[in-house]
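With the numbering used here applied, the sequence shown closes on residue 1845, and no number is skipped along the way.
Here a beta-carbon is modelled for each residue, glycine too, at the ideal position from N, C-alpha and C.
Accompanying notes for the structure given below.
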Amino acid sequence: MTNASPTEPDDPRAPLTPALQTDASFRLLVEAVEDYAIFLLDAHGNVATWNSGAKRIKGYDAREIVGRHFSVFYPPDDIAAGKPQNELAIAARDGRAEDEGWRVRKDGSPFWANVVITALHDARGDLLGFVKVTRDMTDQLRLAELQHTRELSAHVQSAIEKERASIARELHDDLGQQLAALKMQLSILGTGAQDAHIARQSRAQIGAMQAQIDTIIGSARRIAAGLRPPVLDDLGLFAAIDWLVCDFRRRYDLTIHLHIEGEENGFGTNASTSVFRLVQEALTNVVRHARASEARIAIVCARSSCTLTIEDDGCGADVTRGRAAGTFGLLGMSERVRQLGGVIEFRSAPGEGFRIVVTFPLERRADDGLATGES
Ligand SMILES: Nc1ncnc2c1ncn2[C@@H]1O[C@H](COP(=O)(O)OP(=O)(O)OP(=O)(O)O)[C@@H](O)[C@H]1O
Ligand SMILES: [Mg+2]
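So this is what it looks like as structure tokens:
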């Protein structure tokens, strides 16, 4: 007696039990589907058929997997917890079981899968097996994670800005006022000393203490302004950029040219803070890394967009090499610009200076519609 099979062993149609035989053209259709792993399990959970999508997603050839128990697709923890059997039991009981979770490819790499298992019964209601449809959702999961990370980053950034503003206010209002009061008390003390010799000594000491308090007041103001310059909230972005540039010129031996064109009323609070932080980080980088003699900042505002350029004539850097571990300045700049709905470009090469170009949309002004006749 011959034992010849009508099909080769790696043919996905080979090991079907008679009960799971399906219409040939329909099977060809299913086998050709690339985006979904669609296959049959027998009533015990052994793989009975295999399609191209299953091979693409899970990595097994039909001849490697047909006949093996489907629990090989699950991570060890799920196998230990009896998850594969549970899913079959639910599908057998309810007709269908759906799950989303990690599964394992042939090479051991994990993928995030959406799985639907549907029970197959014969006319008498006896269980024949299961249809299992698996979709690789890893890309969607990564996208959702990315979106989540971006929302979190925006939230963290705005929380940091609020915290900075509140510390700056405390430093300026509370500490600053108390130091000013202390200085006044000292000056009253100085004028009250009667004995001429003691008075001279006290006045000298008091004078020194007043000078020290002045220095502390100056430091508190400087720290507060570094956290969030009051001028940004009081006089607006352009004045704050001007203040920042003067501060860098004063503190470092660097020539900075500043060119501002257009009006700033299209900047919301977010955009103002972001542009200020972009310029602050870019200038900090010039001072830390560039060894430049000159830097140029240009802010050009048109009706609906703003272009910010910050460039220096320093040593430059290879911007094609990707981010070095532990550096967050340029990354933070990119994230801020992305949140503004804009684009940022870093142009540099060793010996050729560093240039940052940012373009982002401005908020529509209240008089825009009237001025242009648009609604
Ligand atoms: N103006 C510049 N001139 C030359 N190299 C620069 C300039 N700006 C940035 N770089 C290079 O790009 C790298 C990344 O800058 P980035 O601001 O992201 O990090 P960082 O300044 O080193 O650290 P931090 O996270 O504190 O900002 C720097 O380490 C430096 O090598
Ligand atoms: Mg930096």
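For glycine 1784, the CB contacts under 7 Å within the same chain, skipping 5 residues up- and downstream, are Val1756, Ala1760, Arg1761, Ala1762, Gly1823, Phe1824 in chain order.
DSSP places proline 1831 inside the beta strand (DSSP E), whose first and last residues are 1824-1831. Taking C-beta atoms as the reference points, isoleucine 1826 and alanine 1710 fail to come closer than 8 Å. In summary, asparagine 1521 is buried, with 16 or more beta-carbon neighbours lying within 10 Å of its beta-carbon over all protein chains present. Distance from the C-beta of glycine 1799 to the nearest heavy atom of ligand 2 is below 7 Å. Between glycine 1821 and glycine 1792, the C-beta gap is not smaller than 8 Å, which leaves the two residues out of contact. Membership of leucine 1800 in the alpha helix (DSSP H) is indicated by the continuous run 1799-1809. Given a length threshold of 4 residues, each whole run of the alpha helix (DSSP H) inside the region 1746-1821 is given here in chain order: 1799-1809.
In this structure threonine 1790 is exposed. Its beta-carbon is surrounded by fewer than 16 other beta-carbon atoms within 10 angstroms. Shortest Cα-Cα distance from isoleucine 1508 to any of Gln1555, Pro1554, Thr1604, Ile1560 involves Thr1604. Residue pairing by DSSP puts tyrosine 1506 in a beta bridge opposite Arg1605. DSSP lists Ile1767 as the bridge partner or partners of leucine 1728. Taking the Cβ atoms as the reference, arginine 1566 lies roughly 5 Å from threonine 1588, within the contact range of under 8 Å. Annotation: the continuous beta strand (DSSP E) that includes arginine 1573 extends over 1566-1574.
Annotated three-state conformation of asparagine 1521 is coil, per DSSP. Selection Thr1829, Thr1739, Leu1800, Asn1740 evaluated against serine 1775 yields Thr1829 as nearest (Cα-Cα). Per the C-alpha coordinates, the member of His1591, Trp1713, Glu1733, Trp1582 positioned closest to leucine 1611 is Trp1582. Burial state of methionine 1654 is exposed, judged by a 10 Å Cβ sphere holding fewer than 16 other Cβ atoms. Annotation: the continuous beta strand (DSSP E) that includes leucine 1590 extends over 1580-1591.
Here aspartate 1531 carries a coil assignment [DSSP, helix/strand/coil]. If you draw a 10 Å sphere on the C-beta of arginine 1698, you find 16 or more other C-beta atoms in it, and that means buried.
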